[in-house]
Amino acid sequence: MTLAMVERWGRWTVGWRWAPDEGDYDGGPVGAWCCTRDSISATDPEETLDRIAEALCEWRDWLEDTADRFDHYSLDRMPAEDRQDAWERATVRLVTQVVDRTGGGSGWYGHCRQVLIWFLTRWGVAEETARARVDKAIDGRFLSWTAPKLTLVDDVAERLATSLEADS
4 MTLAMVERWG RWTVGWRWAP DEGDYDGGPV GAWCCTRDSI SATDPEETLD RIAEALCEWR
64 DWLEDTADRF DHYSLDRMPA EDRQDAWERA TVRLVTQVVD RTGGGSGWYG HCRQVLIWFL
124 TRWGVAEETA RARVDKAIDG RFLSWTAPKL TLVDDVAERL ATSLEADS
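Taking my numbering, I'd label the letters of the sequence shown as residues 4 to 171.
Next comes the structure, spelled out in structure tokens:
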């Protein structure tokens with residue numbers, strides 16, 4: 004199904020099964036799909052197709068909302084002296100957004116990591132650098148089934164912003 008969607012609509016569709024908690028792919032924002040076992044109807048193929056369509060729409064809405072949040076911080080036009088604060092604020096907002104959307108369930112931090120990498124690459128950080136900076140900032144401190152305390156989110160945001168500004 005995923006391959007057919009990618010061929011028809013593009014690569015953005017890949018995350019349509021990224022369910023919260025213990026779905027096919029842990030820790031995502033898509034509530035309409037859980038996993039193959041629980042989401043495919045043995046008796047009603049139309050029900051399954053409706054679920055798939057709902058999950059795909061939910062994923063698309065999430066991507067568009069997240070992209071809008073990225074664009075809220077025009078880091079390419081921001082003076083250098085304001086960027087570190089903007090990186091920090093954005094990181095706090097994005098982590099909070101992911102926790103809210105995933106419920107802080109099983110593996111939520113994997114999607115959080117992905118969103119932060121997307122954000123950095125959106126603003127011109129090379130993907131390899133973005134991965135390294137995000138991994139170092141988080142440093143394994145986010146845990147399944149636990150929403151992080153604000154002090155931890157603030158620390159991750161500060162670490163990430165400081166590492167990025169060191170490159171400027």
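Even glycine gets a Cβ: it sits at the ideal position worked out from N, Cα and C.
Because the structure is a prediction, the values reported are computed rather than measured.
Item                                                                                                                       : Value
Classification of TRP65 by the beta-carbon crowding that lies within 10 angstroms, buried from 16 upward                   : buried
Nearest neighbour of ILE141, chosen from ASP157, GLY127, GLU130 [CA to CA]                                                 : ASP157
Cut-off 8 Å between Cβ atoms - residues of its own chain near TYR112, not counting five sequence neighbours on either side : GLY30, ILE141, PHE145, LEU146, SER147
Backbone CA spacing between ALA133 and GLU168 [nearest angstrom]                                                           : 13 Å
Rounded C-alpha distance that separates ASP79 from GLY106                                                                  : 32 Å
Unbroken alpha helix (DSSP H) run spanning HIS114, endpoints                                                               : 111-125
Straight-line Cα distance separating PRO32 from ASP103                                                                     : 9 Å
For ALA35 and GLU91, believed in contact at Cβ under 8 Å, the rounded distance                                             : Between ALA35 and GLU91 the Cβ distance is about 33 Å, and since that is not below 8 Å, they are no contact.
Every unbroken alpha helix (DSSP H) inside the segment 7-48 [4 residues or more]                                           : 39-42
Beta carbon of LEU52 nearer than 8 Å to that of THR16                                                                      : no
Alpha-carbon spacing of GLU57 relative to GLU84, whole angstroms                                                           : 43 Å
Supposed close pair VAL159, VAL98 - CB separation, criterion 8 Å                                                           : 7 Å
Residue environment, ALA93, which counts as buried when at least 16 other CB atoms sit within 10 Å                         : buried
Cα-Cα separation between ALA7 and GLY13, rounded to whole angstroms                                                        : 9 Å
Same chain only: Cβ atoms within 8 Å of HIS114, ignoring 5 sequence neighbours per side                                    : TRP21, GLY30, GLY31, PRO32, VAL101, THR105
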